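Residue numbers (my numbering): 6 to 191.
A short write-up of the structure that comes next.
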Ligand SMILES: [Zn+2]
């Protein structure tokens, strides 16, 4: 069985520890994370730059840039662009931001693990822990992160620990039915 990610360059055979099944497809964990990161970039772009931008064009562009830039770096750049109010006339402008050497420097020199979306900050181990609590359901975790992100944006609120907030929201919210998160993959 081949990895469901078109740009997969992994040479590892699938094992229970390094793979995940989503629908009818199987992915390496890293490949799934790359796909999730690219979906987040597209999501943030739609939200802050142009809600009518074609999802297919954004994903195709990111696939083209994939050999040069990791999806994690792309997510770093789009988050910074939103915070710093960088102008973009269309999604292709994002390519210039990706090639901006100051962003590349900052990505290398900073602890880049501390972000998901533009407002919610989670350390790598916190993200992993949340994923474990939610039984490896990345769609569900993304839903909660996004919900917190939106809430902080709308109400201009801040929390001491985003990890603790997400844990308690999840625990208090078990009855709620998360909206399906857009998870399109080219
Ligand atoms: Zn793969």
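Positions of the beta carbon are idealized from the N, C-alpha and C atoms, including for glycine.
None of these values were measured; they are calculated from a predicted model.
Spatial distance of residue i from residue j (CA atoms)
i           : j           : result
residue 177 : residue 169 : 12 Å
residue 68  : residue 79  : 11 Å
residue 61  : residue 92  : 22 Å
Cβ-heavy atom distance, residue i to ligand 1, below 7 Å
i           : result
residue 51  : no
residue 32  : yes
residue 13  : yes
residue 10  : yes
residue 172 : no
residue 82  : no
Residue burial classification, residue i (beta-carbon count within 10 angstroms, cutoff 16)
i           : result
residue 116 : Unreliable positioning characterises residue 116 in this predicted model, as indicated by a pLDDT of 48, which lies under 50. The coordinate reading is nonetheless provided below. Classification of residue 116: exposed, given that the 10 Å Cβ count is below 16.
residue 44  : buried
residue 140 : exposed
residue 49  : buried
Nearest-angstrom beta carbon gap, residue j and residue i [assumed within contact, 8 Å]
i          : j           : result
residue 13 : residue 31  : Residue 13 to residue 31, Cβ: 11 Å. No contact.
residue 95 : residue 124 : Going by Cβ atoms, the distance from residue 95 to residue 124 rounds to 25 Å, so no, they are not a contact pair.
residue 84 : residue 102 : In fact, because the Cβ distance is near 11 Å, the residues do not count as touching under 8 Å.
Three or more C-beta pairs below 8 Å linking the region 38 to 45 and the region 69 to 80: yes
Is the region 132 to 149 touching the region 103 to 114 in the sense that three or more CB pairs, one from each, lie closer than 8 Å? no
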